[in-house]
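Novice:
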Amino acid sequence: MSLQDDQSEELFMPEADFSDVQLNLEFADPSPDFEMEIRTLASAFWAQTPYSELAFELAQIVSNQPEVGTVACGDDATVLGYHSIINIGQHMHISAIEALFDLLLSALEEYKGVLPSAGVFWERLKAGTVCLGFLTTGRYTNLPMNAIAAFYQVVKDDVEWASSIKYDSSTPSHLFKFTHLLCITKGVLKDTESSMVQLIEVAANPLSHLKKRSLARPEDATIIECSLFTLLVPASLGSFTCWVISVLDLGGYFRASKILSDEDS
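Residues in the sequence shown are numbered consecutively from 36, following the working numbering.
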């Protein structure tokens, strides 16, 4: 099984490997042993964007954070995907993470006047009452849906464990007591016009302003539907034309995890 080059937006498994993955996928805590594979998977998403260096930083952070996050391996120990939530505030000293946070702030600045939920979140950020996690995931594009649902369930369990009396890591548990999660994906806009009237319409129903099946990942529509709000930001991103920036509370992430699990059953 081989990876395509890092400039690709997609990584594919040979079709013959599907059944084996569905039956024998194994999940493990992230570790430095997986850093190179995580970097390759992250690069496939962030390539052809202004944030391509983020893949390097995410790989370092994720591979050194076993508490909340998971890596999926096939029978031959090949890393097929990863899924993690990192604390943005904890890593704000890293320029690539700061740039990602600035992308969120820029989008909020545009939408907060027309979207009440974005305005409330903006005020909470300014007040310092948000513990913001960044949901980062990378995997082979054609990984089966049961594996995708499992990623969300494993990390849901990790987040719950980090907030329980059973938590026993030396890393302070408060770093994983997220109030909100930031999810960023890519899509293709139906119309790139950005008048104030349309901005209000986009904020009210972002999915209706994206081309059908244009989102980068199969679970993205579920994330949008479970979010507190989703912001569309026009951008030149290879074959995609906008950032899709969703903010969820923990309940929203848990709902998304359940929906994905129910869809797979």
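Even for Gly, the Cβ is constructed at its ideal location relative to N, Cα and C.
For C261, which of helix, strand or coil comes out of DSSP?
Specialist: Residue state, collapsed to three classes: helix.
Novice: In this structure, does DSSP put D64 in helix, strand or coil?
Specialist: If DSSP states are grouped into helix, strand and coil, D64 belongs with coil.
Novice: Mind listing, in chain order, the continuous alpha helix (DSSP H) runs of no fewer than 4 residues lying wholly within the segment 146-188?
Specialist: DSSP runs (the alpha helix (DSSP H)) wholly in the segment 146-188: 151-162.
Novice: Using a Cβ distance threshold of 8 Å, determine whether the segment 111-120 contacts the segment 61-78, with at least three qualifying pairs required.
Specialist: Verdict: yes, contact present.
Novice: How many angstroms separate the CA atom of D192 from the CA atom of S205?
Specialist: One C-alpha to the other measures close to 18 Å.
Novice: Kindly identify the DSSP beta-bridge partner or partners of K221.
Specialist: In DSSP, K221 forms a bridge with W278.
Novice: Can you look up G273 in the DSSP assignment and give me helix, strand or coil?
Specialist: In this structure, G273 counts as coil in the three-state DSSP scheme.
Novice: Could you name the residues of the same chain whose beta carbon sits closer than 7 Å to that of Q188, not counting the 5 residues immediately before and after it, in chain order?
Specialist: Closer than 7 Å at the Cβ level, and outside the excluded window around Q188, lie S292 and S296.
Novice: The alpha helix (DSSP H) spanning N99 covers which residue range?
Specialist: Segment: none, N99 is in no alpha helix (DSSP H) and carries neither H nor E.
Novice: Can you grab the Cα-Cα spacing for the pair P241 / L267, in whole Å?
Specialist: Going by the C-alpha atoms only, they are around 7 Å apart.
Novice: Would you list the one or two residues that DSSP bridges to V106?
Specialist: In DSSP, V106 forms a bridge with A63 and Y117.
Novice: Distance check for Y288 and G104, CA to CA, integer angstroms please.
Specialist: Their Cα atoms are separated by approximately 14 Å.
Novice: What residue range is occupied by the uninterrupted alpha helix (DSSP H) comprising S243?
Specialist: Note, S243: premise wrong, no alpha helix (DSSP H); not H, not E.
Novice: Would you tell me roughly how many angstroms separate the C-alpha atoms of W196 and S243, rounded to the nearest one?
Specialist: Going from the Cα of W196 to the Cα of S243 covers about 37 Å.
Novice: Report yes if the C-beta distance between L167 and F213 is below 8 Å; otherwise report no.
Specialist: Cβ atoms of L167 and F213: closer than 8 Å.
Novice: Among F69, L143 and E144, which one has its Cα closest to the Cα of A112?
Specialist: For A112, the nearest C-alpha among the options comes from F69.
Novice: Can you tell me which of the three DSSP states H209 falls into?
Specialist: The answer is helix: DSSP assigns H209 an H, G or I state.
Novice: Report the option in L89, I235, A153 and N122 whose CA atom is closest to the CA atom of I280.
Specialist: Answer by Cα proximity: A153.
Novice: Relative to the alpha-carbon of T84, which residue among L170, S271 and Q95 has its alpha-carbon at the smallest distance?
Specialist: Nearest C-alpha to T84: S271.
Novice: Kindly indicate the opening and closing residues of the alpha helix (DSSP H) around E70.
Specialist: From DSSP, the alpha helix (DSSP H) with E70 extends over E70 to W81.
Novice: Compute the distance between the beta-carbons of T171 and L93, then report whether it is under 8 Å.
Specialist: Closer than 8 Å, so yes.
Novice: Which same chain residues end up closer than 6 Å to C218 when comparing Cβ atoms and leaving out the 5 residues on each side of it in sequence?
Specialist: The answer, listed in chain order, is L170, I258 and S281.
Novice: Rounded to the nearest angstrom, what separates P67 and V106 at their Cα positions?
Specialist: If I take the Cα positions, the gap works out to 11 Å.
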